[in-house]
Each structure stands twice: as C-alpha cells, then as structure tokens.
Amino acid sequence: MFILDTTVAKKNKLLTSVLFQFCYNLVALCILIPQGNAKGKNWRMSTIKMAHIDDHFIHGQVATRWCEALEANLIVVVNDELALNKMRQGLLDMAVPDKINSRYYSVEKAIKQIPLIKEDKQILLITATLNDINQLLEGGIVIPRINLGSIAFEHGKRHMTNAIYLDEHDFSILESFVQLGIAIDSKTHPEDERQVLTSKLDHFIN
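Letter by letter, the sequence shown follows residues 34 to 239 in the numbering used here.
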C-alpha cells in the first residue's frame, strides 16, 4: 500500500480555497445572472453529476453508457490543450449521440463558464488528470463524485488497475478529495462493481 504524505496544512489550504471560491462564485451569480438573463428569477445553476478522469476523453462507453447511467445531457471536457484543438474536438464529437451536447474548456475558462450553465443541463465532466480536477475544485467548482476511468502510465507511476497508474502525488491529491467529502470510485463501465476509495485508499489496490 502507498503511504500518503499529505499534511494538515495542505488539506486546510485546499479546503479554504474551495470555500472561498465557492462563496465568491455564488455572490457573483446572485449579482450577474438577474441582469444578464431575460428570465431572471427562474435561473438556477446546472448540476455536475460526476467527474470522469479518462485520458482518452470521449469514446463510445463514455458518451453513451455513462451519460445514460447518469442521465447526463451535456459533456464538458476540461483540458487546456484540447480546448485549442478544434480538429480533435470534431473527431471526439463523432462519438457523441445527437441528444447529448458537448463543450470543451480550458481549466481557467471552465471555472468561469460552468457556474453559468443553466439548470436543465446535467453535466458529465471529463478531464485527463487529477491535477485538472484539483484546479477546478480550487476554483470553486462543486464536484460530488469522481470516477477514475483511465490514467495513462508515466515514469514513476505505479500500476493500480488495468487502466490506472498513480504515483504518490496522485494519492496525495486523492486523499485531499476524500477529506473534502467527495465520493471517489474506480470502474470502467457504469455496471461494473464499484471500488470505493476510503480515506486511506486501502480498498483501491486489487
């Protein structure tokens, strides 16, 4: 088992940042939305159903099986490089059913735009890395559940499952997520048995 090197100071810093940004975004929404939306008082924020970490971003099982299981009608992909690559976005969109919409944001733009998406959008959020999720949380984005789908091998990462490789830094980030009360699990398909990560992440290794 990995021994996590997560200090109380790091956890408190992330929690403080998340709370501050969430309150900031909430105040901004109360001020800006009634002015910018013709329907005004009926406006509410959208819901992120789950964040799915997958270095392949969108493919058949994500666009169909996960969206159906979560009743999501909008896929939001957050990745700085992909946000600038319109050609690759077009290729990924070929896997998205007609009834599902997709949007591609950089991390910075996602922090600004996600709170402005209307309530009829149920969001499946996709990133390639834990670091991007961490930045979104620090930016005040509320994420109730994180699913680890596919994280590619890099030097220094340890093989955890068939599709997931993690290092001590990744474990430290995951531990901070758990401390925030975020549900974290690992499974490739919605119908697979759910591997829930505890505060010590001791149920994650097969």
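Just so it is clear, CB atoms sit at the ideal spot from N, CA and C, and this is done for glycine as well.
Requested in this report: Could you pull out every residue in the same chain whose Cβ sits closer than 6 Å to the Cβ of Arg227, ignoring the five residues on either side in sequence?
Outcome: Asp218 and Lys220
Query - CA nearest to the CA of Val110, picked from Ile215, Ser205, His188 and His89 - result: His89
Report task. Just list the beta strand (DSSP E) runs in the region 175 to 210, keeping only unbroken ones of 3 residues or longer that don't cross its boundaries, in chain order. Result -> 178 to 183
Query raised in the report: Just to confirm, are Ala116 and Ser139 a CB contact at a threshold of 8 Å?
Result: yes
Requested in this report: Identify, in the order they occur along the chain, each residue of the same chain with its Cβ nearer than 8 Å to the Cβ of Asn164, setting aside the five sequence neighbours on each side.
Outcome: Ile206
**Report entry** Per-residue burial, Leu124 [other beta carbons within 10 Å of its own, 16 or more giving buried]
**Finding:** exposed
Query raised in the report: What number of angstroms, rounded off, separates the C-alpha of Gly73 from the C-alpha of Arg178?
Result: Bear in mind that the predicted position of Gly73 carries a pLDDT of just 37, short of 50, making it unreliable; the figure below should be weighed with that in mind. Those two C-alpha atoms are separated by around 30 Å.
Query - Ile108 - partner residues in DSSP beta bridges - result: Under DSSP, Ile108 takes part in a beta bridge, and its partners are Ser135 and Leu157.
Requested in this report: Please determine, among Ile197, Glu187 and Val95, the residue with the shortest C-alpha to C-alpha distance to Asp126.
Outcome: Val95
Query raised in the report: Looking at C-alpha atoms only, which residue of Ile176, Asp203, Ser183 and Ala185 is the closest neighbour of Ile215?
Result: The residue among Ile176, Asp203, Ser183 and Ala185 with its C-alpha nearest the C-alpha of Ile215 is Ile176.
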